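If you're matching them up, the sequences are chains W and V in order.
Residues 2 to 249 in the working numbering are what the first sequence lists, from first letter to last.
Residues 2 to 249 in the working numbering are what the second sequence lists, from first letter to last.
Here a beta-carbon is modelled for each residue, glycine too, at the ideal position from N, C-alpha and C.
Model, not experiment: these values are computed from the prediction.
Worksheet: one structure, shown below.
Protein chains: 2
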Amino acid sequence: MVRNYKIILQYDGSRYDGWQKQGNTEKTVQGKLEQVLERLSGSPVVVHGSGRTDAGVHAHGQTANFHMETELSEKELMQYLNQYLPEDIEVLSLDIVKDRFHSRLNAVEKTYVYHIEMGPKKDVFQRKYIYGLGKELDIERMEEAAVSLMGSHDFKSFCANKKMKKSTVRTLTDISFCQKGTKLTVSYTGDGFLHHMVRILMGTLIEVGLGERKPEEMKEILLKEDRQAAGYTAPAEGLFLERVVYDD
Amino acid sequence: MVRNYKIILQYDGSRYDGWQKQGNTEKTVQGKLEQVLERLSGSPVVVHGSGRTDAGVHAHGQTANFHMETELSEKELMQYLNQYLPEDIEVLSLDIVKDRFHSRLNAVEKTYVYHIEMGPKKDVFQRKYIYGLGKELDIERMEEAAVSLMGSHDFKSFCANKKMKKSTVRTLTDISFCQKGTKLTVSYTGDGFLHHMVRILMGTLIEVGLGERKPEEMKEILLKEDRQAAGYTAPAEGLFLERVVYDD
Chain W
2 MVRNYKIILQ
12 YDGSRYDGWQ
22 KQGNTEKTVQ
32 GKLEQVLERL
42 SGSPVVVHGS
52 GRTDAGVHAH
62 GQTANFHMET
72 ELSEKELMQY
82 LNQYLPEDIE
92 VLSLDIVKDR
102 FHSRLNAVEK
112 TYVYHIEMGP
122 KKDVFQRKYI
132 YGLGKELDIE
142 RMEEAAVSLM
152 GSHDFKSFCA
162 NKKMKKSTVR
172 TLTDISFCQK
182 GTKLTVSYTG
192 DGFLHHMVRI
202 LMGTLIEVGL
212 GERKPEEMKE
222 ILLKEDRQAA
232 GYTAPAEGLF
242 LERVVYDD
Chain V
2 MVRNYKIILQ
12 YDGSRYDGWQ
22 KQGNTEKTVQ
32 GKLEQVLERL
42 SGSPVVVHGS
52 GRTDAGVHAH
62 GQTANFHMET
72 ELSEKELMQY
82 LNQYLPEDIE
92 VLSLDIVKDR
102 FHSRLNAVEK
112 TYVYHIEMGP
122 KKDVFQRKYI
132 YGLGKELDIE
142 RMEEAAVSLM
152 GSHDFKSFCA
162 NKKMKKSTVR
172 TLTDISFCQK
182 GTKLTVSYTG
192 DGFLHHMVRI
202 LMGTLIEVGL
212 GERKPEEMKE
222 ILLKEDRQAA
232 GYTAPAEGLF
242 LERVVYDD
């Protein structure tokens, strides 16, 4: 009997061309998962992710689903996956869900977390998972700017895809800042995110924190609906897809 | 004026042949430090470590010292080092100390910490800093065995160097266990450690935890003064030199 499996997984995105399979490349997280599942099942298995993560972006809680027929129990299937997946991808949970569950279409909320090192050198043991900015940020200014970004807006100015034909309206329900020593962590929660949206938001907020932009500019940037109006795209290495929330 | 500098540093030992310079190899932590200091000073600088760490062993608090003449302040010298050292080595503090201070000869206590994953898969983001045992351990048995190891003993059975001519007597003041989920952390504190001593102690205690040895065997192993009597050498990747303590 074919069943629908939902998995939550974490990965170190450093050596991958992102989540989404592209042509023949096996250097994607989706590609790695499908490869292992196909070996088990004997026929191709399509894995649907809650969304793409860019090349180099990490995940603590990416969610995906796939339909497959197997005699393995959920526990055995998860063990099989973890045994054959490379050591930079790990399945944290695996459950049988309703047949119509779809990890992307049913997602109602996502949280991304961005890590910044403001000090001169990145922590040796975290160096692949943090952006080494090396400059001090005025976090109060950034918090002030973030207020204008919350709520429902057209985020076209914060979207890397210029030819985006679908709606670019999204709702940000929370942007929060947490400083520990010279490390800054910024969490973004919303109903969905456009291509590069978190990284462009982060780059623009960094420019505010460095004093290069005023917090008040955020409103104007949103209204311009133009990628050129916003700041730079912060690097992928500091970004984690933290969790995906579903209704049921 | 030539000054004596004391540094505390952390490093990811994964890609190094250990602390100690060997011939021409630059793939050692000491070699990297001396290379950067020689470039600054214009003449060779010898860096003395508190002790060697093996190939693949990490450090949160290795301590070293070197004599050098420079016009840079302590803060500038530390910044210079961190700028030119690779990103897997970081100087955490730098101070001018008394001329006769020697990081190895004056060390009175060291702590090593060993990390073990008992679950089936290592955490993706910690995978290079933990030993993937993948088996459950009986920690109470290990704690019982550890009691016999504490205090002053001849640790010849736990020394990889068979031709050791100096005393193999050392004093272990603490072995403590901390479990979090499927992760086990074991700390070893003592006045000094022989070649591979922590890793052989760890391998032997793991054998006790797996039920392959009895806790009571520890006393016999110590008395045999024979490396063959003890257990296997646990892999380097799980081991950290945590800190070195000095009298003043």
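At the 7 Å Cβ level, is residue i part of the contact set with chain V, yes or no?
| i | result |
| --- | --- |
| Asn162 (chain W) | no |
Cutting at 8 Å between CB atoms, please list the residues of its own chain near residue i, excluding the five before and the five after it.
| i | result |
| --- | --- |
| Glu91 (chain W) | Leu10, Gln11, Tyr12 and Asn83 |
| Met1 (chain V) | With chain V covering only 2 through 249, there is no way to say anything about residue 1 (chain V). |
| Val98 (chain V) | Asn5, Tyr6, Lys7 and Asn66 |
| Lys22 (chain V) | Thr29, Gln31, Gly32 and Glu35 |
| Tyr81 (chain V) | Val37, Leu41 and Leu73 |
| Arg16 (chain W) | Lys28 and Asp89 |
| Lys220 (chain V) | Ser149 |
Residue range of the beta strand (DSSP E) that residue i falls in?
| i | result |
| --- | --- |
| Ile201 (chain W) | Premise fails: Ile201 (chain W) lies in the alpha helix (DSSP H), Met198 to Gly210, not in any beta strand (DSSP E). |
| Gly32 (chain V) | Note, Gly32 (chain V): premise wrong, no beta strand (DSSP E); alpha helix (DSSP H) at Val30 to Ser42. |
| Ile8 (chain V) | Val3 to Tyr12 |
| Ser168 (chain W) | Taken as a continuous stretch (DSSP letters only), Ser168 (chain W) belongs to no beta strand (DSSP E), as it is neither H nor E. |
| Arg244 (chain V) | Leu240 to Tyr247 |
| Asp96 (chain V) | Ile90 to Val98 |
| Thr186 (chain W) | Lys184 to Gly191 |
| Gln63 (chain W) | His59 to Met69 |
| Tyr113 (chain W) | Ala108 to Glu118 |
Between which two residues does the alpha helix (DSSP H) containing residue i stretch?
| i | result |
| --- | --- |
| Tyr81 (chain V) | Glu75 to Tyr85 |
| Val125 (chain W) | Note, Val125 (chain W): premise wrong, no alpha helix (DSSP H); not H, not E. |
| Leu150 (chain V) | Ile140 to Leu150 |
| Met219 (chain W) | Glu218 to Lys225 |
Under 6 Å from any heavy atom of the ligand NAP, does the C-beta of residue i make it?
| i | result |
| --- | --- |
| Leu240 (chain V) | Among the components modelled here there is no ligand, and therefore nothing to report on the ligand NAP. |
Leaving out the 5 sequence neighbours to the left and right, which residues in its chain are closer than 6 Å to residue i when beta-carbon positions are compared?
| i | result |
| --- | --- |
| Val209 (chain W) | Arg142, Met143, Ala146 and Pro216 |
| His61 (chain V) | Gln11, Phe241 and Glu243 |
| Pro45 (chain V) | Glu39 |
| Lys225 (chain W) | Ser158 |
| His197 (chain W) | Ala161 and Thr234 |
| Ile222 (chain W) | Ser158, Ala230 and Ala231 |
| Gly330 (chain V) | Residue 330 (chain V) is absent from the model: chain V starts at 2 and stops at 249. |
| Thr64 (chain V) | Ile9, Ser51, Ser104 and Val245 |
Within a Cβ cutoff of 7 Å, which residues of the same chain sit near residue i, ignoring the five residues on either side of it in sequence?
| i | result |
| --- | --- |
| Val199 (chain W) | Tyr113, Tyr115, Tyr189 and Leu240 |
| Thr133 (chain V) | The displayed chain sequence assigns Gly, not Thr, to residue 133 (chain V). Answer for Gly133 (chain V): Glu118 and Lys123, listed in chain order. |
| Met203 (chain W) | Tyr115, Val187 and Ala235 |
| Val3 (chain V) | His68, Met69 and Glu70 |
| Lys76 (chain V) | none |
| Arg105 (chain V) | His49, Gly50, Ser51 and Gly52 |
When Cβ atoms are compared, which residues of the segment 119-134 of chain W fall closer than 9 Å to chain V? Pro121, Lys122, Lys123, Asp124, Val125, Phe126, Gln127, Arg128, Lys129, Tyr130 and Gly133
Residues in the segment 2-23 of chain W with C-beta within 8 Å of chain V's C-beta atoms, listed in sequence order? Gln11, Tyr12 and Asp13
Counting only Cβ-Cβ distances shorter than 8 Å, please list the residues of the segment 67-91 of chain V near chain W, keeping chain order. Gln80, Asn83, Gln84, Glu88, Asp89, Ile90 and Glu91
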